[in-house]
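Numbering (full-length UniProt numbering), first residue to last: 1 to 845. This report concerns only the one structure given below.
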Amino acid sequence: MDEAKYLKKKIRSGNLDVHPTEKALVVNYDVEALILGELGDPMLGDRKECQKIIRLKSLNADTNVTLLAKEVIDKCSLIYESKLHEVEQLIYYLQNRKNTIEDFENDGHPPRPVSSISTESGDSERAVISSIDSYMELLYDEIPDKIKGSTLILQLARVPDNLQELTKNESLLSVLARVLREDWRKSTELSINIIYIFFCFSTYSQFHSVVLECRIGSLCMEIIDYELMRYDQWKDDLEKRRRYFENTTGLCLLPVMNADGSDKKMKIMDDIWSADGPLDLQMKKRSIDGSLNVPKEEIDRLKDDLEKSRKKFKNLTKKQEQLLKVAFYLLLNIAENTEVEKKIRKKNVIGMLMKTLDRTNTDLLILVVTFLKKLSIFRENKDVMAEGNIIEKLPKLLHNTNPDLVSSTLKLLFNLSFDTKLRGKMIRVGLLPKLIKLLTQDDVNRSTILGLLYHASMDDKVKAMFTNTECIPLMMDMLLASDAEQIMSELIALCVNLATNNKNAELMVQNNRLRGLVEKAFKNQNAVLMKIVRNISQHESTKENFVEFVGDFAMALTQSDCEEFVLEIVGVMGNLSLPDLDYSQILQRCNLIPWIRNTLVPGKAQDDLVLEAVILLGTAAADEDCAQVMCKADMLLSLIELLKAKQEDDEMVLQIIYVFYQVSKHDSTREYLIRETGNEAPGYLIDLMHDKNPAIRKVCDACLDVIAMCDKDWAVRIKVEKFRSHNQQWLDMVESINIDTMATSLPPPEEEDDDSLGVFTSGDLLKHTVLFPSGSNTRLNLDEGESMTKAFTDSIETISRPVSRYSRDLDEICELMASSKSRLSMGSGIEDLYHSSKLKFDLSV
1 MDEAKYLKKK IRSGNLDVHP TEKALVVNYD VEALILGELG DPMLGDRKEC QKIIRLKSLN
61 ADTNVTLLAK EVIDKCSLIY ESKLHEVEQL IYYLQNRKNT IEDFENDGHP PRPVSSISTE
121 SGDSERAVIS SIDSYMELLY DEIPDKIKGS TLILQLARVP DNLQELTKNE SLLSVLARVL
181 REDWRKSTEL SINIIYIFFC FSTYSQFHSV VLECRIGSLC MEIIDYELMR YDQWKDDLEK
241 RRRYFENTTG LCLLPVMNAD GSDKKMKIMD DIWSADGPLD LQMKKRSIDG SLNVPKEEID
301 RLKDDLEKSR KKFKNLTKKQ EQLLKVAFYL LLNIAENTEV EKKIRKKNVI GMLMKTLDRT
361 NTDLLILVVT FLKKLSIFRE NKDVMAEGNI IEKLPKLLHN TNPDLVSSTL KLLFNLSFDT
421 KLRGKMIRVG LLPKLIKLLT QDDVNRSTIL GLLYHASMDD KVKAMFTNTE CIPLMMDMLL
481 ASDAEQIMSE LIALCVNLAT NNKNAELMVQ NNRLRGLVEK AFKNQNAVLM KIVRNISQHE
541 STKENFVEFV GDFAMALTQS DCEEFVLEIV GVMGNLSLPD LDYSQILQRC NLIPWIRNTL
601 VPGKAQDDLV LEAVILLGTA AADEDCAQVM CKADMLLSLI ELLKAKQEDD EMVLQIIYVF
661 YQVSKHDSTR EYLIRETGNE APGYLIDLMH DKNPAIRKVC DACLDVIAMC DKDWAVRIKV
721 EKFRSHNQQW LDMVESINID TMATSLPPPE EEDDDSLGVF TSGDLLKHTV LFPSGSNTRL
781 NLDEGESMTK AFTDSIETIS RPVSRYSRDL DEICELMASS KSRLSMGSGI EDLYHSSKLK
841 FDLSV
């Protein structure tokens, strides 16, 4: 056999690629070594796949790609000049590829964890897929060899093209899972490497089965729980050392001053222990007399011991947080499956995540908050977070300078803000001023911040808190500066809510902002913007600002084609109960009478528009001239027909009888209400005295009292009906007795004057009601009266109206009526009371 005389080495350049996570080029090449004999014949050979990483540290948006590509080729002999164009394309791709932070903003995932392996092209060994068996053999040796083997396998797993090949090697996956299960307590670095390998599989849904079959998820939770417990032990040890230092030296660390100047000891916080650089021990005497005399050398020695303990704590924490990041990230990936998410939730993953919120590592916090945000969409998870006082832990994260952490925290808060109690906690911990401040600084998260403020504004007490901030002027300026298509729905919704508060509404109309808002709404016929205008108009302090726009509002009713826009305008006009506003001129000059009559026809328009039209009539009827115009146009007859069609709608009935009440106040229109309606209006009012809705009954009583003071005939009938209503139980009992027996035993009734109750029996009274009209030939005997009375009572009991959509508070009406018996013009106070109640609920969000 020929002896080996020569060694020949060949390097073949392979393909180029970009680094998956860094701004770097990856050069793949093969190294082939041949041993030649004396005659130059190859005797033995070996081939190895290698990679070289070329980091482009100076690459940025302004870099000249062509010059950089030439520089790379000149310095790297593995790349031929013929590949200049390819290098330029790869560098151009890296220049425009979004970095880790931008990727997070787009896909909602936190930055990938960093492994402990080195990717430099120095002396460290480069892994090749063909040597996987030798790497696996290292996992059977001692801990250092296991760390080396897992590091090389991790290099392979980080290349996505290798994952499919690795999944075919069941022995490899089995031994990795076994080593992690047996040795994770022995080496943090080994645990990080193996979990990172499975994390690479978890980044792709098709490989989740690999992670689940090896039961890595449950093992990760066990590791996380143990590491969090170790962290608490380390902190306790530091606290013991601090207390020993204080007790020995008589000195306090980092004292704070009270208002009276006395010292108060403050517990050293996590961020102080984890701060970079040497710990600045600001030491002051704990006692005034300074009774402990400790040599300076001893103090310095104790201080150095404390500093060493702190550095050791920082090193341990750094490795531990790297392990927590990769473990939590793996759990976040596999939690894509809801069944897996339920399992890890039962093992208290929420508690572990919330405990980790006390850390200061920004990347870890981003991951934890993102995980909590994902879990918070389920009510059960949200309740667990609430029990752990999560709201108290989140405000400090908003002070972080990392935009991704702030963004994730705001989104988590938004998810939690759907809970009423948690919203209250957010306000109590002082989040409102912080959110308003962020609104002026953070354009990226503006939509989320506005959503949070909108949820907060649902509480009337919180609405009042906006008055003392710069939020109102800021929002109005944003609203007026935005294009109609670009206005964020959260911004409009927040303005709609805040406009229901009197003080906020006053701020909204300052600096001529109301004109700008009205013009913007009219320009695009934007119903939502007009909703803001409508809510502003409900306050007494702002109504005067709308006088100049009344003509435009009135003309828009007949000229606009947008029904929602018209609805809001009618609502605005219905709010403007101003004594100096001549509604008679408005109705006539703008030709609104035909439009209103057409709107009141049952089935012609949507119910909301019909209701607002009736409210407008109630507001306009306060003007006597306008009430006369309405009577001449037979508007009351249209209202009666509408009342018959909508008698099951409590709010519609209430607003219609309020119009009757407004008309009854005026001398010139009262007779029309009583006589020209064919006695139908008073008859309906009598019937509605028995309605189950207390607001309807009270308005009926007020209107009937006015009629009773002006018409003697109706006064007697109303008196009898009120007596009957008040004594209904007694009358039912009496009418249940045999009427024939009573007729033979009782003497004939005697003549009484007009004010007595004996003029009309209950049967006679029913002849004048609308529900039971009487014909000219109808005569009631006692038996018929009894049956009719019973039918009337049964009809009242069987009518089932829905609860009014607007809760009316009209308790003062009866008191006002009692104090106004001696005069007919008694409605101004009732009018104001009714309108304030009406507007309060009509325009709420």
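For every residue, glycine included, the Cβ atom is placed at its ideal position computed from N, Cα and C.
If we count the other Cβ atoms within 10 Å of its Cβ and call it buried at 16 or more, is Ile569 buried or exposed?
Mapped onto the sequence shown, residue 569 falls at position 569. Ile569 is buried by the Cβ-count criterion.
Please report how far the alpha carbon of Leu410 lies from the alpha carbon of Arg97, in whole angstroms.
The residue labelled residue 410 in the question sits at position 410 within the sequence shown. The residue labelled residue 97 in the question sits at position 97 within the sequence shown. Going by C-alpha positions, Leu410 is about 26 Å away from Arg97.
For Cys700, list the residues DSSP reports as bridge partners.
As a first step, residue 700 must be located in the sequence shown, where it is residue number 700. Beta-bridge pairing links Cys700 to no other residue.
My guess is that Val31 and Ile53 are in contact by the Cβ rule of under 8 Å, so how many angstroms apart are they, rounded?
For this step, residue 31 is matched to residue 31 along the sequence shown. For this step, residue 53 is matched to residue 53 along the sequence shown. That pair is no contact at about 16 Å.
Using 8 Å for Cβ pairs, my map puts Gln320 next to Glu227. What's the rounded Cβ distance?
For this step, residue 320 is matched to residue 320 along the sequence shown. For this step, residue 227 is matched to residue 227 along the sequence shown. Taking the Cβ atoms as the reference, Gln320 lies roughly 5 Å from Glu227, within the contact range of under 8 Å.
Shortest alpha-carbon distance to Glu563 belongs to which of Ala527, Thr542, Leu139?
Numbered from its first residue, the sequence shown carries residue 563 at position 563. Ranking the options by Cα distance to Glu563, first place goes to Ala527.
Beta-carbon proximity check, Ile492 vs Ile532, cutoff 9 Å:
Here residue 492 is taken as the residue at index 492 of the sequence shown, counted from 1. Here residue 532 is taken as the residue at index 532 of the sequence shown, counted from 1. Cβ distance < 9 Å, so Ile492 and Ile532 count as in contact.
Can you give me the start and stop residues for the alpha helix (DSSP H) that Lys374 sits inside?
Within the sequence shown, the letter at position 374 stands for residue 374. Following the DSSP letters along the chain, one finds Lys374 inside the alpha helix (DSSP H) bounded by residues 362-375.
To test your reading of the DSSP string, which unbroken alpha helix (DSSP H) runs of 4 or more residues are found completely within the stretch 161-189?
For the stretch 161-189, the continuous alpha helix (DSSP H) assignments of 4+ residues that do not extend past its boundaries occur at 170-183, in sequence order.
So is Lys790 buried or exposed if we call it buried at 16+ other beta carbons inside 10 Å?
Translated into the one-based positions of the sequence shown, residue 790 becomes position 790. The predicted position of Lys790 is uncertain, since its pLDDT is 39 and thus under 50; a value taken from the coordinates is nonetheless stated next. Exposed, since its Cβ has fewer than 16 Cβ neighbours within 10 Å.
Please name the residue in Leu316, Asn247, Leu323 whose C-alpha comes closest to that of Asn293.
The residue you call residue 293 lines up with position 293 of the sequence shown. It is Asn247.
Provide the residue(s) that pair with Arg663 in DSSP beta bridges, ordered along the chain.
Locating residue 663 in the sequence shown gives position 663, where the first residue counts as 1. First, the residue type needs correcting, since residue 663 is Val and not Arg in the sequence shown. BP columns for Val663 are empty, so no partner.
How should His85 be labelled, buried or exposed, when 16 other C-beta atoms within 10 angstroms of its C-beta is the threshold for buried?
Taking the sequence shown and counting its residues from 1, the one referred to as residue 85 is at position 85. Exposed, by the Cβ-count rule.
For Val159, which of Ile143, Trp184, Ala127 has the nearest alpha-carbon?
Position 159 of the sequence shown holds residue 159. Answer by Cα proximity: Ala127.
What separation, rounded to the nearest whole angstrom, lies between the Cα atoms of Arg230 and Ile192?
Here residue 230 is taken as the residue at index 230 of the sequence shown, counted from 1. Here residue 192 is taken as the residue at index 192 of the sequence shown, counted from 1. Arg230 and Ile192: Cα-Cα distance of roughly 16 Å.
Confirm, please, whether the CB-CB distance from Val349 to Leu331 is below 9 Å.
Sequence index remark: in the sequence shown, residue 331 carries index 331 (1-based). Sequence index remark: in the sequence shown, residue 349 carries index 349 (1-based). Yes.
With Gln628 and Thr669 assumed to form a contact (beta carbons below 8 Å), what rounded beta-carbon distance in angstroms separates them?
Residue 628 sits at position 628 when you count from the first residue of the sequence shown. Residue 669 sits at position 669 when you count from the first residue of the sequence shown. 6 Å between Cβ atoms; contact.
Taking Cβ positions, are Leu94 and Leu56 nearer each other than 9 Å?
Position 94 of the sequence shown, counted from the first residue, corresponds to residue 94. Position 56 of the sequence shown, counted from the first residue, corresponds to residue 56. Leu56 is positioned such that its CB atom lies closer than 9 Å to that of Leu94.
Report the rounded CA-to-CA distance for Arg215 versus Lys461, giving the unit in angstroms.
In the sequence shown, residue 215 corresponds to position 215, counting from 1. In the sequence shown, residue 461 corresponds to position 461, counting from 1. So the two alpha carbons sit approximately 51 Å from each other.
Tell me whether Val27 sits in a helix, a strand or coil according to DSSP, three-state version.
Here residue 27 refers to the residue found at position 27 of the sequence shown. Val27 falls in the strand class under three-state DSSP.
Exposure label - Thr558; buried when at least 16 CB within 10 Å
In the sequence shown, residue 558 corresponds to position 558, counting from 1. By the neighbour-count definition (other C-beta atoms within 10 Å, threshold 16), Thr558 is an exposed residue.
Val340 bridges to which residues according to DSSP?
As a working mapping, residue 340 is identified with position 340 in the sequence shown. Per DSSP, none; premise fails for Val340.
Would you please state the rounded distance, in angstroms, between the beta carbons of Thr542 and Gly574? I believe it to be under 8 Å.
As a working mapping, residue 542 is identified with position 542 in the sequence shown. As a working mapping, residue 574 is identified with position 574 in the sequence shown. About 15 Å separates the CB atoms of Thr542 and Gly574; that is not less than 8 Å, and the two are not in contact.
By Cβ distance below 8 Å, which residues in the same chain neighbour Ala556 in space, the five residues on each side in sequence not counted?
Against the sequence shown, residue 556 aligns to sequence position 556. So the list reads Phe522, Phe565, Val566, Ile569, once near-sequence residues are dropped.
Do you know how far the Cα of Leu154 is from the Cα of Ile132?
Taking the sequence shown and counting its residues from 1, the one referred to as residue 132 is at position 132. Taking the sequence shown and counting its residues from 1, the one referred to as residue 154 is at position 154. Per the coordinates, the alpha-carbon of Ile132 lies some 11 Å from the alpha-carbon of Leu154.
Among Phe207, Leu432, Asn545, Leu78, which one has its Cα closest to the Cα of Val27?
Position 27 of the sequence shown holds residue 27. Cα-wise, what sits closest to Val27 is Leu78.
Range covered by the alpha helix (DSSP H) that runs through Leu474
Start at 1 with the first residue of the sequence shown, and residue 474 comes out as number 474. First-last of the alpha helix (DSSP H) with Leu474: 471-481.
Classify Asp713 as buried or exposed, calling it buried when 16 or more other Cβ atoms lie within 10 Å of its own Cβ.
One-based indexing of the sequence shown puts residue 713 at position 713. Asp713 is exposed by the Cβ-count criterion.
CB of Leu704 within 9 Å of CB of Leu685, strictly:
Here residue 704 is taken as the residue at index 704 of the sequence shown, counted from 1. Here residue 685 is taken as the residue at index 685 of the sequence shown, counted from 1. In this structure, Leu685 lies closer than 9 Å to Leu704 by Cβ.
Can you grab the Cα-Cα spacing for the pair Gly758 / Val720, in whole Å?
Along the sequence shown, one-based indexing puts residue 758 at 758. Along the sequence shown, one-based indexing puts residue 720 at 720. Below a pLDDT of 50, predicted positions are generally treated as unreliable, and Gly758, at 38, falls in that range; no measurement from the model is reported.
Where does Lys393 sit, in a helix, a strand or coil, going by DSSP?
The residue given as residue 393 occupies position 393 in the sequence shown. Residue state for Lys393 is assigned as helix, using DSSP reduced to three classes.
Please name the residue, chosen from Leu166, Leu353, Asp141, that lies closest to Ser130 on a Cα-to-Cα basis.
Locating residue 130 in the sequence shown gives position 130, where the first residue counts as 1. Closest by alpha carbon: Leu166.
Once you ignore the five residues that flank Arg180 on each side, which residues in its own chain have a CB closer than 6 Å to its CB?
Counting from 1 along the sequence shown, the entry for residue 180 is found at position 180. First, the amino acid is wrong: residue 180 is Leu here, not Arg. For Leu180, same chain residues with a beta-carbon under 6 Å away, outside a window of 5 residues either side, are Ile194 in chain order.
Quick one: Cα of Val340 to Cα of Ile334, how far?
The residue you call residue 340 lines up with position 340 of the sequence shown. The residue you call residue 334 lines up with position 334 of the sequence shown. Their backbone Cα atoms lie some 7 Å apart in a straight line.
Residue closest to Leu474, alpha-carbon to alpha-carbon, out of Asp580, Leu439, Val326, Asp237:
For the purposes of this step, residue 474 is taken as residue 474 along the sequence shown, with counting starting at 1. With distances taken between Cα atoms, Leu474 lies closest to Leu439.
At least three beta-carbon pairs within less than 8 Å, the stretch 231-247 to the stretch 307-318
Result yes; three or more Cβ-Cβ pairs closer than 8 Å.
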